[in-house]
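In this note's numbering, the protein residues as written are 80 to 253.
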């Protein structure tokens with residue numbers, strides 16, 4: 080999920096009953112106007128709903144509880160909005176904040192830093208290698224068409240196709 084989609088998530092986008100998250104908008108920075116703004120995601124198919132693992136939903140519940148307590152502590156200095164990820168006083172984070180935090184986290188914990196966008200590629204590769212069809216992978220990533228997904232991940236689809244052919248060859252060779 081791109082940073083703009085992550086930072087624009089609001090609590091109303093989280094369906095705790097069904098473990099779903101909806102991506103409906105994105106947060107952008109205009110270099111021309113030198114300001115942040117909210118708009119729709121890049122493409123119509125970028126608006127999507129995703130099923131999340133239970134442990135992620137539990138983490139989101141904990142974040143929501145922490146945020147409520149912190150809001151009370153801040154009192155009138157809290158900037159009231161419905162966003163999941165905010166600064167110390169409730170304001171929306173800069174679009175570079177997730178990357179900056181992750182870099183500091185990796186350094187503090189002695190972990191090799193990789194760009195957060197690599198997690199998106201990892202997710203796509205796992206889906207493809209698990210045999211998930213192109214249209215489902217495209218929908219999960221929010222690409223405009225399956226062609227976009229295929230163009231970006233052709234290597235993963237080729238590897239999966241090779242393994243499939245090997246599995247058939249092995250089965251016939253029994």
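Each residue gets a CB set at the ideal place from its N, CA and C atoms; glycine is no exception. From a predicted model like this one, the values you see are computed outputs, not experimental measurements.
Rounded to the nearest whole angstrom, the C-alpha separation of residue 136 and residue 163 is 13 Å. Under DSSP, residue 162 takes part in a beta bridge, and its partners are 89. Pairing residue 225 with residue 194, the inter-Cα distance amounts to about 24 Å.
Leaving aside the five residues that flank residue 122 on each side, the residues in its chain whose CB is nearer than 6 Å to its CB run, in chain order, 223.
Nearest Cα to residue 235 within the set 201, 113 and 252: 201. Secondary structure note for residue 129: it is in no alpha helix (DSSP H), and the uninterrupted beta strand (DSSP E) holding it is 127-130. If you draw a 10 Å sphere on the C-beta of residue 102, you find 16 or more other C-beta atoms in it, and that means buried. Around the beta carbon of residue 210, fewer than 16 other beta carbons sit within 10 angstroms, so the residue counts as exposed.
Cβ neighbours of residue 131 within its own chain (closer than 6 Å, five residues either side excluded): 98 and 100.
Its Cα nearest to that of residue 208, the residue 240 stands out among 129, 145, 177 and 240. Relative to the Cα of residue 233, the nearest Cα in the group 212, 129 and 160 belongs to 212.
Its chain contains 172 as the residues whose beta carbon lies nearer than 7 Å to that of residue 166, once the 5 sequence neighbours on both sides are disregarded; these appear in chain order. Residue 104 and residue 248 have their C-alpha atoms roughly 46 Å apart.
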